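Student:
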Amino acid sequence: MAGARWTPTVDDELTVKAFELFGDPTAHEVRLPSRPESAASARRLTQCVVLRKWGMSPQLSEYAVLLVSELVGNAVRHTGARSFGLRIHRRRGWIRVEVRDPSRGLPCLMPVQELDISGRGLFLVDKLSDRWGVDLLPRGKTTWFEMRAADR
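One gets my numbering by counting positions in the sequence shown from 1 and adding 594 to each.
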């Protein structure tokens, strides 16, 4: 399935709509509006790519979906941008998910207490990914995470 071309089924209606509206994040960076509901589109696109197109494990897909949601949430809440970019890469043994926004403000990994109701996003990224970081760009930044993935 690693090289197979994914074709959505009728049951994937929302995913099909997301691909039609935004494109394939493995082919190029897709632009999404900086609105809370864009997190759902980013999750659908990520799950479709990681689980269905690439045939990765359900657990890897679940973690990737959760972490992309956290990065998108940060981009929407903290940057004031009108849109952000999503890109998903794969190379031997790894997947990489990138969220690009026009802010040069760096995300901050904060200590998390048991009863905290917010501020857990980067904590989750730090704990569930194998590595993560931020690349500053001339106009903005790319926040990314990488996860080990068994190639089939």
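Where is the CB? At the ideal position from N, CA and C, for every residue including glycine. Remember, predicted model here, so these are calculated numbers, not experimental data.
Can you tell which of 673, 705 and 729 has the C-alpha that lies nearest to the C-alpha of residue 691?
Tutor: On the sequence shown, position 97 is the one that residue 691 refers to. Nearest option by C-alpha distance: 729.
Student: Give me, in chain order, the residues of the same chain whose beta-carbon lies closer than 7 Å to that of residue 734; leave out the 5 immediate sequence neighbours on both sides.
Tutor: As a first step, residue 734 is located in the sequence shown; it is residue number 140 there, counting from the start. Cβ within range, chain order: 694, 695, 696, 697 and 698.
Student: Please classify residue 595: does DSSP put it in a helix, a strand, or coil?
Tutor: Against the sequence shown, residue 595 aligns to sequence position 1. Here residue 595 scores only 48 on pLDDT, less than 50, and its place in the model should not be relied on; the value that follows carries that caveat. In the structure shown, residue 595 sits in coil (DSSP, three-state: anything other than H, G, I, E or B).
Student: To the nearest angstrom, how far is the alpha carbon of residue 610 from that of residue 702?
Tutor: As a working mapping, residue 610 is identified with position 16 in the sequence shown. As a working mapping, residue 702 is identified with position 108 in the sequence shown. Roughly 34 Å separates the two Cα atoms.
Student: Indicate whether residue 655 and residue 666 have their beta-carbon atoms separated by less than 7 Å.
Tutor: Residue numbering aside, residue 655 sits at position 61 when the sequence shown is read from its first letter. Residue numbering aside, residue 666 sits at position 72 when the sequence shown is read from its first letter. Contact flag unset, no.
Student: Use the C-beta contact count for residue 636: other C-beta atoms within 10 angstroms, 16 or more gives buried, fewer gives exposed.
Tutor: As a working mapping, residue 636 is identified with position 42 in the sequence shown. The residue in question, residue 636, is buried, as its Cβ has 16 or more Cβ neighbours within 10 Å.
Student: Given that a residue counts as buried once 16 or more other Cβ atoms are within 10 Å of its Cβ, and exposed if not, what is residue 651?
Tutor: Start at 1 with the first residue of the sequence shown, and residue 651 comes out as number 57. Classification of residue 651: exposed, given that the 10 Å Cβ count is below 16.
Student: Comparing C-alpha positions only, which one of 657, 616 and 631 sits nearest to residue 669?
Tutor: As a position in the sequence shown, residue 669 is number 75, starting the count at 1. Comparing Cα-Cα distances from residue 669 to each of 657, 616 and 631, the minimum goes to 631.
Student: Out of curiosity, what's the CA-to-CA distance linking residue 678 and residue 634?
Tutor: As a working note, residue 678 is residue 84 in the sequence shown. As a working note, residue 634 is residue 40 in the sequence shown. Near 14 Å, if we compare the C-alpha coordinates of residue 634 and residue 678.
Student: Just how far apart, CA to CA, sit residue 619 and residue 682?
Tutor: Counting from 1 along the sequence shown, the entry for residue 619 is found at position 25. Counting from 1 along the sequence shown, the entry for residue 682 is found at position 88. Cα to Cα, residue 619 sits roughly 5 Å from residue 682.
Student: In whole angstroms, what is the alpha-carbon distance linking residue 725 and residue 627?
Tutor: Position 131 of the sequence shown, counted from the first residue, corresponds to residue 725. Position 33 of the sequence shown, counted from the first residue, corresponds to residue 627. Using only the alpha carbons, I get a separation of about 27 Å.
Student: DSSP three-state call for residue 740: helix, strand or coil?
Tutor: Taking the sequence shown and counting its residues from 1, the one referred to as residue 740 is at position 146. Residue state, collapsed to three classes: strand.
Student: What did DSSP end up calling residue 706 once you bin it into helix, strand or coil?
Tutor: Taking the first residue of the sequence shown as position 1, residue 706 is located at position 112. Residue 706 falls in the coil class under three-state DSSP.
Student: Classify residue 661 as helix, strand or coil using the three-state DSSP reduction.
Tutor: Mapped onto the sequence shown, residue 661 falls at position 67. If DSSP states are grouped into helix, strand and coil, residue 661 belongs with the helices.
Student: On the three-state DSSP scale, how would you describe residue 720?
Tutor: To locate residue 720, count along the sequence shown from 1; it is residue 126. Helix.
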